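Working notes, beginning with the structure itself.
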Amino acid sequence: MSTITELLDRWKRGDRSVEDALATDIYPVLRELARTQIRRHGGVLTLRATELANEAYERLHLQQGVDWQNRSHFHAIAATLMRRVVVDYLRNRTAEKRGGGQLFVALDEVQQRDAPFQGDQVDWLAVDQALTEFAEAQPDAARVVELRLFSGLTKEEIAEVCGSSRATVGRQWRFARAWLAERLDIVPGDEDEP
Amino acid sequence: MKTNPDRIRRLGALFDEALDLDPLAREAFVKRCMDEDTEIGAELERLVLRDQRLIGSKTQSAVGIVEVSLDATEPDALKPGVVVGSYRLEEEVGEGGMGRVFRATRIGPDFSQEVAIKFVRRDLVHPALLKRFSTERAILAALDHPGISRLIDAATTTDGTPFVVMEFVRGRPIVEWCNAHQLTIEARLKLVRKVLAAVAHAHRNLVVHRDIKSSNVLVTDEGETRLLDFGIAKPLGRIGNTDATVTAERFLTPRSAAPEQLEAGAITIACDIHAIGMLLYELLCGRQPFAFDTMTPGEIENAIRHVAPPPMASRVADADLEAAKQRGLTSVRDLRAELRGDLEHIVQRCLRKRPDERYGTIDQLDSDVEHVLEGRPIRERQSDRWYRWRKFVARHKVASGLVAALFVTILLAITAIARQTIAIAHERDRAQRAVGLLKSAFAAANPMQINGANVTARQVLDAARPSLEATFETQPDVYAELGETLAEVELSVGLGQQASELARRATLAARAAGFDDKQIGSLLITEARALIAAGDYDNAKARLHQAADAGFATTPEWKLVQGNLLQHTSQARESVSPLQQAVDETNGRPATDETANLARLQLAQALGRVNRQNEAVTLLDETLRWQRQQLKPDHPRLTLTRIYRIDALRRADRNNEALAEAPAVLQQVLRVFGSRNSVTAIAYAALGNAQNENKQAEDAAESFRHALEASRASVGDDHQNTLRLAFNLAQLLVELGSHDEEIEGLYRDVLVRGGKQAETLRSTLVFWRISFARFLLDRGRAPAALAQLVSPESTEQLKLASGRTVDDFTKILQEAANACGCDDKLAVDPPTDCAAVLELTKQTQTAAHSPGNLQ
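In order, the protein sequence lines correspond to chains V and R.
Note that the first sequence covers residues 2 to 195 in the numbering used here.
Note that the second sequence covers residues 30 to 884 in the numbering used here.
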């Protein structure tokens with residue numbers, strides 16, 4: 002059994018401490034795949050979450066013999082990593098080109114459902130920041146958001162991965178979505194207003 | 030103010046609480062929160078508002094987002110008047126996934142030459158696309174065909190935007206053109222053949238168009254077709270660069286894409302075949318296979334990849350008269366009729382999800398279209414039958430490989446039988462075994478479930494019929510066994526007429542094959558059941574007698590059908606005893622047993638009719654318990670029992686319970702059976718009756734409208750159940766006192782359609798006419814009422830009616846005559862119909878006293 006398989010197995014059983022270790026193994030693969038996609042699209046980052054995770058899985062499977070019977074759990078762990086990929090990428094781009102505000106990540110998997118944010122432009126760095134803040138208070142709901150935004154999992158699969166019911170996940174999603182939407186409407190300067 | 034975790038948690042809890050409340054209570058709740066803590070309350074209010082606004086929100090597709098945002102960044106360098114190379118842009122004529130298209134003129138001595146210039150969006154330029162773009166020139170140069178718009182030039186602008194210059198085609202998209210010119214189906218097919226010739230030419234040059242759609246197929250004023258935009262054409266044989274393929278798919282209009290184009294599968298000529306199928310579909314029936322306009326990108330993708338297109342005729346709505354007229358037809362019905370058969374087969378074959386199941390070449394497709402135009406049968410339909418069987422298996426989730434294999438075995442065997450290749454003995458044995466397998470396979474695909482997917486089931490039955498008929502002469506034994514099974518299936522999908530015919534032939538075959546009494550008796554009972562369903566009670570009675578002679582009168586099957594017949598002939602009281610026996614004798618049978626189930630439902634119905642309502646409810650409660658022990662909660666049989674129970678509750682003065690139960694049952698019915706099913710019609714009618722009992726007449730009328738719609742869609746406009754529902758709706762509306770136009774339409778429809786089945790309907794038809802005349806009289810339209818009553822049809826139908834109905838008829842005839850002033854000697858201008866009254870009265874007097882019609 003390879004290390005990744007072991008780590009995934011532990012993670013599946015609820016051991017969150019292995020996430021960093023997993024990231025070390027999987028993250029480079031995802032990042033590289035994301036970069037390939039960005040190149041393909043002439044600098045436009047159009048991440049297809051499912052596609053990336055699938056590719057990553059296939060690659061790991063081939064290269065390292067990772068055997069993971071439940072793809073949805075792989076997708077779930079990949080979501081966390083995907084979020085990092087996106088954020089890292091955008092941070093780098095922003096550093097490279099100041100105010101690189103024309104970069105958008107369109108997650109097509111999100112678009113097919115009731116997407117959280119209206120409008121064409123999503124500032125994913127802000128989403129990431131707000132989500133981190135939100136996670137302090139509501140870690141479970143934040144996890145649901147992460148899965149909804151950064152994995153290709155369906156609602157049912159998310160419920161299964163989170164070990165809760167579809168209704169609960171739906172409730173958590175609605176609150177998080179409303180809260181984030183409210184939050185992201187506020188430009189940073191407004192934060193100190195009453 | 031900074032949000033902190035505690036605050037978020039607090040908000041989360043309040044938000045959760047607020048969601049559980051109905052809107053009014055929610056407002057009050059938010060207000061209370063505000064009173065307690067202004068800030069939290071206000072934030073809660075904003076969150077709830079956000080949530081409400083976000084519910085069901087739809088956003089654009091990912092591709093859309095990227096494009097919109099990039100368009101915003103690009104300065105509008107391309108506009109009319111701008112000179113590009115040796116061309117001046119005149120006007121923008123279109124925008125495709127790959128870029129913008131302008132009409133332009135050539136600068137220079139010959140500036141009359143009009144061209145189309147297609148610019149590739151710079152933001153989309155990346156190596157793969159650029160490479161493809163440069164190959165386009167070579168490809169198009171190779172394509173010299175009058176049906177394909179010619180390539181003139183290709184270059185890049187000074188800032189590096191690639192563009193191609195093509196022959197400008199003045200024309201309209203083919204769908205628009207055909208509708209504007211009101212082309213008949215035949216003329217449309219002829220036009221499509223021109224398109225096919227151009228596409229075939231491209232294919233022969235190893236070019237796949239990959240984006241054939243109406244806006245890319247223009248028709249000139251001369252009626253010639255031109256294929257535009259080989260922009261993403263790809264030379265055959267150079268497939269392999271999957272990266273480029275995946276990228277290119279982003280630019281495709283998803284709704285015209287083939288499934289494999291969305292799955293990054295191999296792009297072959299099969300893509301074009303699929304696209305032509307989509308085009309044909311819309312050209313012929315006036316609609317696309319799916320309601321793309323109301324679907325999200327995800328739904329569109331799913332439909333294209335996984336959902337079989339519905340038959341074209343079913344996409345033609347009753348309101349589509351315009352579409353019929355655009356095809357030179359006078360009614361929607363005619364249009365539907367034109368679309369069925371070979372044309373449907375051709376289109377469906379183009380639209381198969383699997384590329385290898387579509388036409389192999391454009392020439393094959395063209396040849397089939399030609400055959401249709403010449404009225405000759407189209408190519409071998411073998412693969413079609415395969416397809417239907419496969420779909421049937423899939424639909425019924427007879428998922429295990431074992432059962433699927435079973436179907437394949439059966440199919441092979443049936444094909445073998447049909448081809449009469451089973452000359453040698455052991456092959457014949459195989460066929461016999463197949464018969465047994467088929468029976469068990471049909472049993473596995475529970476008839477109730479078949480009903481749930483009636484369209485497919487009917488297709489399967491239609492497909493099975495020719496193979497079966499081929500065995501009638503040569504192998505009557507096979508015919509008898511298969512015929513009975515198929516008849517039972519047809520019966521369960523509400524096709525009584527077809528089932529009785531099939532059962533009759535099966536009986537004949539059984540006699541020819543020398544079957545024993547037992548087998549023939551069973552067939553006779555099936556035939557009797559089918560005859561009852563078809564309304565032919567006399568013959569049903571005769572079959573039951575024959576079955577009794579064969580010693581079948583003691584079986585619960587016989588008693589069930591006997592009870593059923595008695596109920597249908599208004600002898601509810603007499604029907605209780607045989608039905609009760611059928612129930613008792615099937616005690617202990619499994620909950621899936623057809624006879625045991627039907628006996629209980631029928632008995633409950635009979636008890637309800639003889640004022641033993643409470644017993645009916647008790648029986649149905651017991652039945653439900655029995656079913657629940659063995660079946661899944663949403664099993665169709667359970668659902669059916671629950672529908673009957675709603676009716677029973679209503680009759681037992683427990684209408685409140687009926688009303689409470691009905692919506693849930695209806696939901697389940699809609700989920701299990703869909704909206705176009707005979708069971709759905711029954712469920713809506715049960716709800717309607719309960720609502721009516723509760724004085725919700727408008728709601729009841731609405732329910733009956735749904736019931737009528739479901740019945741029309743499932744068993745057809747002429748079916749007795751449909752007519753009865755229409756009559757009930759008319760009566761309900763009469764009680765409401767409005768909707769006069771709808772009422773009159775319903776009555777007339779019922780009488781005309783019923784008139785074709787006067788022999789079967791007998792008194793019922795006269796009863797309906799009396800009801801219509803009563804309505805007309807009450808609305809002060811005595812002459813119209815009289816005209817109805819003395820019409821030739823009425824006179825004819827009266828001869829078939831029973832005594833009591835004839836009495837009623839005489840009364841209303843007299844009333845109508847009086848209201849018209851027929852007896853008024855002083856009337857200046859009595860209606861001419863008066864003359865017929867006397868004649869008719871004489872007839873009714875004779876009829877009322879003829880012994881045969883006394884009841």
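By construction, the Cβ of each residue, glycine as well, lies at the ideal position given by its N, Cα and C atoms.
The model shown is predicted, which means the values in this text are computed figures rather than measured ones.
Report task. Starting from Pro52 of chain R, find everything on chain V with Cβ-Cβ shorter than 8 Å and list it in chain order. Result -> Result: empty, since nearest Cβ-Cβ is about 15 Å, beyond 8 Å.
Query raised in the report: Name the residues in the segment 167 to 181 of chain V whose C-beta lies less than 8 Å from a C-beta of chain R; which are they?
Result: Arg172, Arg175, Phe176, Arg178, Ala179, Trp180
Query raised in the report: Mind listing which residues of the segment 127 to 157 of chain V have their C-beta closer than 8 Å to chain R's C-betas, in chain order?
Result: Glu134, Phe135, Glu137, Ala138, Gln139, Ala142
Query raised in the report: Alpha carbon to alpha carbon, how far is Arg638 of chain R from Arg602 of chain R?
Result: 8 Å
Query raised in the report: CB Thr870 of chain R to CB Thr839 of chain R, shorter than 8 Å?
Result: yes
Query - Partners in chain R for Glu183 of chain V, counting only beta-carbon separations shorter than 8 Å - result: Glu72, Arg75, Leu76, Arg79
Requested in this report: For Leu2 of chain R, return the contacting residues in chain V, with the cut-off set at a CB-CB distance below 9 Å.
Outcome: Chain R is shown from 30 up to 884; residue 2 of chain R falls before or after that span and cannot be answered.
Report task. May I ask which residues mark the beginning and end of the beta strand (DSSP E) holding Gly200 of chain R? Result -> 200 to 202
Requested in this report: Check whether the Cβ atoms of Phe44 of chain R and Phe176 of chain V lie closer than 8 Å to each other.
Outcome: yes
Query raised in the report: Per DSSP, which one or two residues make a beta bridge with Tyr116 of chain R?
Result: R:Val113, R:Arg135
Query raised in the report: What are the boundary residues of the alpha helix (DSSP H) that includes Leu630 of chain R?
Result: 623 to 638
Report task. Look at Ile841 of chain R and Ala802 of chain R and say whether their C-beta atoms are less than 8 Å apart. Result -> yes
**Report entry** Straight-line gap, Arg199 of chain R to Glu328 of chain R (C-alpha atoms, nearest Å)
**Finding:** 35 Å
Query raised in the report: Does the beta carbon of Ile549 of chain R come closer than 8 Å to any beta carbon on chain V?
Result: no
Query raised in the report: Is the Cβ of Gly766 of chain R closer than 8 Å to any Cβ of chain V?
Result: no
**Report entry** Whole-Å CB distance - Thr81 of chain V paired with Glu147 of chain V, under 8 Å assumed
**Finding:** 6 Å
Query raised in the report: Which whole-angstrom value is the C-beta distance of Ile885 of chain R and Arg117 of chain R, which I expect to be below 8 Å?
Result: Because residue 885 of chain R is not part of the residues shown, which for chain R are 30 to 884, the question remains open.
**Report entry** Per DSSP, the bridge partner or partners of Lys147 of chain R
**Finding:** R:Val130, R:Val193
**Report entry** Ala337 of chain R versus Arg365 of chain R: straight-line alpha-carbon distance, rounded
**Finding:** 19 Å
Query raised in the report: When the Cα atoms are used, what is the spatial distance from Val127 of chain V to Lys60 of chain R?
Result: The sequence shown places Ala at residue 127 of chain V, rather than the Val named in the question. Their backbone Cα atoms lie some 31 Å apart in a straight line.
Query raised in the report: With a CB to CB cut of under 8 Å and the five nearest residues on each side skipped, what residues in its chain are close to Ala864 of chain R?
Result: none
Report task. Please list the segments of the alpha helix (DSSP H) lying wholly inside the segment 712 to 766 of chain R, counting only runs of 4 or more residues, in order along the chain. Result -> 726 to 744, 749 to 765
Report task. Could you tell me which of V:Leu8, V:Ile78, V:Arg11 sits nearest to Arg149 of chain V, measuring between CA atoms? Result -> V:Ile78
Requested in this report: Please decide whether Asp45 of chain R counts as near chain V, where near means a Cβ-Cβ distance under 8 Å.
Outcome: yes
Query raised in the report: Roughly how many whole angstroms lie between the Cα atoms of Tyr310 of chain R and Arg344 of chain R?
Result: 10 Å
Query raised in the report: Would you call Val162 of chain V buried or exposed, if buried means 16 or more other Cβ atoms sit within 10 Å of its Cβ?
Result: buried
Report task. Could you tell me if Pro821 of chain R is buried or exposed, where buried requires 16 or more neighbouring beta carbons within 10 angstroms of its beta carbon? Result -> exposed
Query raised in the report: Between Ala342 of chain R and Arg369 of chain R, is the Cβ-Cβ spacing less than 8 Å?
Result: yes
Requested in this report: Alpha carbon to alpha carbon, how far is Arg705 of chain R from Leu247 of chain R? Give it in angstroms, no decimals.
Outcome: 38 Å
Query raised in the report: Can you find a C-beta in chain V that's less than 8 Å from the C-beta of Arg38 of chain R?
Result: yes
Query raised in the report: What are the residues that DSSP puts in a beta bridge with Leu180 of chain R?
Result: R:Met195
Query raised in the report: When we look at the beta-carbon of Lys724 of chain R and count the other beta-carbons within 10 Å, is it buried (16 or more) or exposed?
Result: exposed
Query raised in the report: Nearest-angstrom Cα distance between Leu520 of chain R and Leu560 of chain R?
Result: 10 Å
Query raised in the report: So is Ser707 of chain R buried or exposed if we call it buried at 16+ other beta carbons inside 10 Å?
Result: buried
Report task. Given a cut-off of 8 Å, decide if Leu291 of chain R and Glu330 of chain R are closer than it, judged by their beta-carbon atoms. Result -> yes
Query raised in the report: When the Cα of Thr652 of chain R is compared with those of R:Thr668, R:Lys661, R:Ile672, R:Arg629, which residue comes out closest?
Result: R:Arg629
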